[in-house]
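A.B. asks: Please find one structure pasted underneath; my questions will follow.
Numbering (this note's numbering), first residue to last: 9 to 996.
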């Protein structure tokens, strides 16, 4: 029995399979007017025009807009489409001649313009801008608004017409081969004089390199550098009748066959594409390519299909198996890809051909969760029915009876020592020396272990329903770098080339653990969903993320550098039609190709074919509405653009300030992924965030001029280089218009000017009267002031005279006094009175009667004392250091008496016996009110035991009393003479 089982494993049956390419389909259910697509054309605005037998349809990637007889189209039976150099659309019909569409209306060109009744099969334009038509009754060309039969060609049925860059005209006939007209010379190619496969010409096309491709009822041919050649077709092409050509941006030529699918010619060989590759039907009626590199296929009865670059190739049908669920995927050291299904099917795949094992050791219906090719002789299979070890000579089966914690085994891996580690529904176990050993959980309670992973440092990592663990010494421990982080339902673990680990937590996000610590990426960091199933870091430094909705490819260099997610999304719109990747069903083959096990089968990703769409979307403003309702601008009196239908030079009254804008961007590669940004300059200067909705509304706009700017992003994130702009204005009410405001300002200004002039006249009169009154009062005040000044001067003069009389009386009395002490007292009294007399004398002699200059006052006091004591300035020099300061009379008298006493003492006692010396008077100002007066000499000084504060000298008592009047304090210093320092305050 064992030998029979091994034979079954070694000799596997091979099922037929087919690669499924990236096709999308549109039929009547999506809005097509009819299922027979006879012509396809992309115009300069990016719209795709479809000719059918049910009318003309314009396709923007999402919606079909169909034109019929109700829109002015004379016939629904469209045969060909062409856009001329002026952007006009020429529509060839099978029964109504040719129709010209200028963007807003249809104009039929028929018998009145010289065309015969019957079908128009092809249209072309020469270098002079003349239009050429291939009809069933000859070739016609247009001139001066009419068409003429081209006499250089015979009058017969023509099916195709083209002009090459050298000016030559090529015309294909229904039965008589191909004509070429160059200048005045015409030549003909048939199956008899050339390599032309057939005489019935069905299509003509000029490639980017100038090669003329010729479609016949017997296959394609080409004329390159003057040589006609018919490349050999694949043997499987039994009916090679050509329906059309198109050329992609990669230099490939696509050939549509009437009944046998598609041919792609890369310059060396043909690739045949049929239903098995994704075509809905082999009946191809028309072909076209767009500016984004997509191939559009019109079919005969099955609608429209789009072919995109096949970076995803799908294997969904394997003979008797249709859309199997690939739950296990692995690549061994030889490059063989192994896959298993949820029904227990196992296959190895080389050169994209799967070999399915007809008899497997496990029961039918066993789910294969994982495959681990340990080496060339051992392969482990994790399943819902235990672990299976496949060897060339035997098969071993392990369950709970062998020591596994559970018979449901999800994943296996091996460390460098050869020990196998298994993640099961009952926990972690390792296999060493043919014995399974369960690893106890840290909590002591068994928990489900979803995945196990060995990193580049030979560390074993375990993902469980509870958390993340690392194996150390046959024990599970929480990693130190993840302390304090709650991360549950860990389904997958992977490692990048720099040693950073990534953990997938379902409904948690992606946890990155590196040398700089751990970081969680969730919705707030830009993940489109946190329902993460599987992770895989490939050799190109991409992190593949399988979610419950789609597939993501994250660029790891940018993620590691700045912590930002830069990813590309793959879903059905991008060619990934596997719906959902199964848990841990990702693998990479040695050539860099990625493989995904999905719920619909096997999907292959070809990195070299994944080219980003760098074509900017065609952005347009489709409608401007008032109050979010369709608006007939012509009925409102506005002129509209004939192409866009938008109002031109829109100026709205202030009551119509509620505007809505509808817009659209054409991105045929992924219209569902188009995003918009917009702003209304004059209302908001900031761009809106990227949004999916293609309309916006602005309400309660203030009067002013506004510019609506619109940008769009294509399916691969490329934003349009320049915004679409639309400028309009809201006219203010009459009372806010400039001319009204100007007139109003003029009226106000005139009124104000009149009032001002009247006021000026009144003020002039009042000022004249006031000036007279002021002049009169001023003269009165000046007279009274002069009288007061004269009175004060007279008072000071009288006081000075009286004091002089007192001094004279004291002098007379002193002559009769014999007592020296009494004479001395008389002398002191005379000096004091003299100081007051000097003050009044100065006030009488100067114009200022309320204040006096201290320096001049002190100088006259000193001169008087020097004269009284008979002392000259030669013997006792006088030095005054004072700022220019003026004080009132009361303060001046007080300071004058103090200076008089201090100077008198110096002259009497400081320099006995005719000694010489210096007498100094200094006044220092500290601030606005505080001053210091210093009177010093360099005489003999005061007696040793003399205390000025206890002295009974009347002069010193007078000085002390006067200093208190000035809120001051006086100090005496006896050092190389006498220094008297008075600190006092003068009110400002």
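Note that the Cβ used here is the ideal one computed from N, Cα and C, for glycine as well.
1) Which of helix, strand or coil does DSSP assign to residue 548?
2) By how many angstroms is the C-alpha of residue 482 removed from the C-alpha of residue 440?
3) Could you tell me whether the region 661-677 touches the region 601-610, where touching means 3 or more Cβ pairs closer than 8 Å?
4) Go to residue 869, then tell me how far its alpha helix (DSSP H) extends in each direction, as first and last residue.
5) Ignoring anything shorter than 3 residues or poking outside the region 399-425, list the beta strand (DSSP E) runs there in chain order.
6) Would you call the CB atoms of residue 476 and residue 447 closer than 8 Å?
7) What does the alpha-carbon distance come out to for the pair residue 17 and residue 478?
8) Can you tell me whether residue 350 is buried or exposed, with buried defined as 16 or more other CB within 10 angstroms of its CB?
9) I need the straight-line Cα distance from residue 975 to residue 969, nearest angstrom please.
10) In chain order, what residues of the same chain lie with their CB nearer than 6 Å to the CB of residue 169, ignoring the 5 residues before and after it?
11) Per DSSP, residue 429 is paired with what?
12) At 3 residues or longer, what runs of the beta strand (DSSP E) sit wholly inside the region 556-619?
13) What separation, rounded to the nearest whole angstrom, lies between the Cα atoms of residue 711 and residue 660?
14) Rank 894, 942 and 422 by C-alpha distance to the C-alpha of residue 910 and give the top, closest one.
15) Return the CA-CA distance between residue 60 and residue 538, expressed in angstroms with no decimal places.
16) Pick out the complete beta strand (DSSP E) segments inside the region 643-714, 3 residues or longer, and give them in chain order.
17) Our contact map puts residue 211 next to residue 251 with C-beta atoms below 8 Å; I'd like the distance itself, whole angstroms only.
18) Since I believe residue 365 is in contact with residue 376 (beta carbons under 8 Å), could you give me their beta-carbon distance rounded to a whole number of angstroms?
19) With residue 161 and residue 173 assumed to form a contact (beta carbons below 8 Å), what rounded beta-carbon distance in angstroms separates them?
20) Roughly how many angstroms lie between the CA atoms of residue 958 and residue 786, to the nearest whole one?
21) Tell me, to the nearest whole angstrom, how far the beta carbon of residue 543 is from that of residue 551; I am working on the premise that it is less than 8 Å.
22) Could you pull the start and end residues of the beta strand (DSSP E) that residue 194 belongs to?
23) My output table needs one value for residue 454: the three-state DSSP class, helix, strand or coil.
24) Determine, using beta-carbon pairs with one atom in the region 57-77 and one in the region 634-650, whether at least three such pairs fall under 8 Å.
25) Less than 8 Å between the CB atoms is what I'm expecting for residue 927 and residue 966, so what's the real figure, rounded?
26) Within the chosen definition, does the region 288-304 reach the region 273-280 through at least 3 CB pairs nearer than 8 Å?
27) Per the DSSP calculation, residue 187 is bridged to which residue(s)?
28) Exposed or buried, residue 998, counting other C-beta atoms within 10 Å across all chains shown (16 or more means buried)?
29) Please state whether DSSP places residue 59 in a helix, a strand or coil.
30) Output the residue ranges of the beta strand (DSSP E) runs that lie fully inside the region 139-172 and measure 3 residues or longer, sorted by chain position.
31) For the region 193-280, list the beta strand (DSSP E) runs that are entirely contained and at least 3 residues long, ordered along the chain.
32) Check whether the Cβ of residue 153 lies closer than 8 Å to any Cβ atom in chain D.
33) With a threshold of 7 Å on Cβ separation, who are the neighbours of residue 979 within its own chain once the five nearest residues in sequence on each side are excluded?
34) Buried or exposed, going by whether 16 or more other CB atoms sit within 10 Å of the CB of residue 929?
35) With DSSP as the reference, label residue 317 as helix, strand or coil.
36) Please state whether DSSP places residue 989 in a helix, a strand or coil.
C.D. replies: According to the structure shown:
1) The answer is coil: DSSP assigns residue 548 none of H, G, I, E or B.
2) Rounded to the nearest whole angstrom, the C-alpha separation of residue 440 and residue 482 is 12 Å.
3) No contact exists between the region 661-677 and the region 601-610.
4) Taken as a continuous stretch (DSSP letters only), the alpha helix (DSSP H) holding residue 869 covers 862-876.
5) Listed in chain order, the beta strand (DSSP E) runs fully inside the region 399-425 are 403-406 and 417-422, counting runs of at least 3 residues.
6) No. Outside cutoff.
7) Low confidence applies here, because residue 17 scores a pLDDT of 38, under 50, leaving its location unreliable and the question unanswered by this model.
8) Residue 350 comes out buried.
9) Using only the alpha carbons, I get a separation of about 10 Å.
10) Taken in chain order, the residues that qualify are 130, 132, 140, 142 and 179.
11) Beta-bridge partners assigned by DSSP to residue 429: 421 and 438.
12) Listed in chain order, they are 559-563, 575-578, 589-596, 602-606 and 609-613.
13) Answer to the nearest angstrom: the Cα atoms are 9 Å apart.
14) For residue 910, the nearest C-alpha among the options comes from 942.
15) Cα to Cα, residue 60 sits roughly 45 Å from residue 538.
16) If one requires a minimum length of 3 residues, the beta strand (DSSP E) runs lying completely within the region 643-714 are 658-661, 667-674, 683-689 and 703-706, in chain order.
17) Contact holds; Cβ gap of about 7 Å.
18) With 8 Å as the limit, residue 376 and residue 365 do not qualify as a contact, their Cβ atoms being about 11 Å apart.
19) That belief does not hold up - the Cβ atoms of residue 161 and residue 173 are roughly 20 Å apart, past 8 Å.
20) Going from the Cα of residue 958 to the Cα of residue 786 covers about 58 Å.
21) 7 Å between Cβ atoms; contact.
22) Per DSSP, residue 194 belongs to the beta strand (DSSP E) from 193-197.
23) Of the three classes helix, strand and coil, the one that applies to residue 454 here is coil, per DSSP.
24) The region 57-77 makes no contact with the region 634-650, as fewer than three CB pairs between them are under 8 Å.
25) Between residue 927 and residue 966 the beta-carbon gap is near 19 Å, outside 8 Å, which marks them as no contact.
26) With a cut-off of 8 Å, the region 273-280 and the region 288-304 do not count as touching, because too few Cβ pairs lie within range.
27) According to DSSP, which records beta bridges pairwise, residue 187 is partnered with 179 and 196.
28) Past the edges of the chain, shown from 9 to 996, lies residue 998, and the structure says nothing about it.
29) Strand.
30) Counting only runs of 3 or more residues that sit fully inside the region 139-172, the beta strand (DSSP E) segments are 139-143, 146-151, 154-157 and 166-171, in chain order.
31) Whole beta strand (DSSP E) segments, 3+ residues: 193-197, 209-214, 220-224, 227-232, 235-237, 250-255, 261-265 and 270-273.
32) The chain labelled as chain D is not found in the depicted structure, where only one protein chain is given.
33) Around residue 979, the same chain offers 989 as residues with beta carbons nearer than 7 Å, after the five sequence neighbours per side are excluded.
34) Counting Cβ neighbours within 10 Å, residue 929 comes out buried, since at least 16 surround it.
35) Residue 317 falls in the coil class under three-state DSSP.
36) In the structure shown, residue 989 sits in a strand (DSSP, three-state: E or B).
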